[in-house]
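Sequential numbering from 29 applies to the sequence shown in my numbering. Structure first, commentary second.
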Amino acid sequence: MTTPSFRVIAFSGSLRTGSSNTALVRLAQRIAPPELQIEWIDWVDQLPWMNPDLEEHPPETLLRWWQTLRECDALIVGMPEYNWNPTPLAKNALDWATRPPDDRAIADTVVAFLGSGGRGGTAKAQENLSVILGYMGATMVVDPPVQLSFVADKVDADGSTDDQSIIDAVAAKLAAVVTALHERAARHEAEALDS
Ligand SMILES: Cc1cc2nc3c(=O)[nH]c(=O)nc-3n(C[C@H](O)[C@H](O)[C@H](O)COP(=O)(O)O)c2cc1C
29 MTTPSFRVIA
39 FSGSLRTGSS
49 NTALVRLAQR
59 IAPPELQIEW
69 IDWVDQLPWM
79 NPDLEEHPPE
89 TLLRWWQTLR
99 ECDALIVGMP
109 EYNWNPTPLA
119 KNALDWATRP
129 PDDRAIADTV
139 VAFLGSGGRG
149 GTAKAQENLS
159 VILGYMGATM
169 VVDPPVQLSF
179 VADKVDADGS
189 TDDQSIIDAV
199 AAKLAAVVTA
209 LHERAARHEA
219 EALDS
């Protein structure tokens, strides 16, 4: 039996050159199991600011974002926290992902956050988004959480690190994503049989 391969996309909510959240996503790419192909999306900063008026004639980047989301099985986000909230970049991309209201691009997507922040480790940003994205039809991989505090100097921009606890945390999240993807595939199979 061949191992199924899942298409995963990933972006970072931080534009900072030395971003630790970008580094966590790079680490995820480095250590991903063979069945996860993680494609880096580096253009979410080109999405327009949320404005539902744009949905009447969606600009090219927005159409591309919706299409990319619909074609993937899972989304991984490097999720920084600014003032107890997601960064505007991450929030904007995820708000657009919940549109259009009659055919939400994020629906049926497995979503996981990798967070690096200050004392709270981005827990507040992750908590709010997890509730609302779940409500919008995404399958949120909440556990085990990756909510790391003060690790910015422990992981390089390319995702390399000597800190085994960071590697273990990201690996555990990826394992949970794989489990969620297998459950989703089984669900799809059952639905196809029923129809
Ligand atoms: C405006 C601002 C607000 C911040 N607020 C929080 C916060 O509420 N919670 C937190 O954990 N870290 C907070 N931080 C610290 C960032 O999480 C930290 O700088 C982190 O490394 C940023 O992610 P990055 O390395 O991917 O750029 C804040 C940083 C800035 C610049």
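Cβ atoms here follow ideal geometry from the backbone N, Cα and C, with glycine treated the same way. Note that the structure is predicted; figures quoted are calculated from it, not measured.
Set against 7 Å, the gap from the CB of tryptophan 112 to the closest heavy atom of ligand 1 is smaller. Counting of Cβ neighbours within 10 angstroms places arginine 54 among the buried residues, the total reaching 16 or more.
In this structure, DSSP gives threonine 50 a helical state, which the three-state scheme calls helix.
If you draw a 10 Å sphere on the C-beta of valine 159, you find fewer than 16 other C-beta atoms in it, and that means exposed. Cβ-Cβ separation between threonine 167 and arginine 212: approximately 6 Å, consistent with a contact (criterion under 8 Å).
If you look at serine 158, you'll find it in the alpha helix (DSSP H) that goes 151-163. Note that the region 121-131 does not touch the region 50-68; fewer than 3 beta-carbon pairs, one per stretch, sit closer than 8 Å.
For glutamate 67, the uninterrupted beta strand (DSSP E) run begins and ends at 64-68, by DSSP. If you look at arginine 212, you'll find it in the alpha helix (DSSP H) that goes 192-222. The beta carbons of methionine 107 and phenylalanine 141 sit about 4 Å from each other, so the pair counts as a contact at 8 Å. Distances taken from the Cβ of serine 42 to the heavy atoms of ligand 1 include one shorter than 7 Å. Between leucine 52 and valine 206, the C-beta spacing is not below 8 Å. About 6 Å separates the Cβ atoms of glycine 143 and valine 174, confirming a contact at the 8 Å cut-off. In summary, serine 40 is buried, with 16 or more beta-carbon neighbours lying within 10 Å of its beta-carbon over all protein chains present. Taking C-alpha positions only, serine 223 is separated from glutamate 99 by approximately 22 Å.
One thing to note: valine 139 has its Cβ within 8 Å of the Cβ of leucine 161.
Here the alpha carbons of serine 188 and glutamine 74 stand approximately 27 Å from one another.
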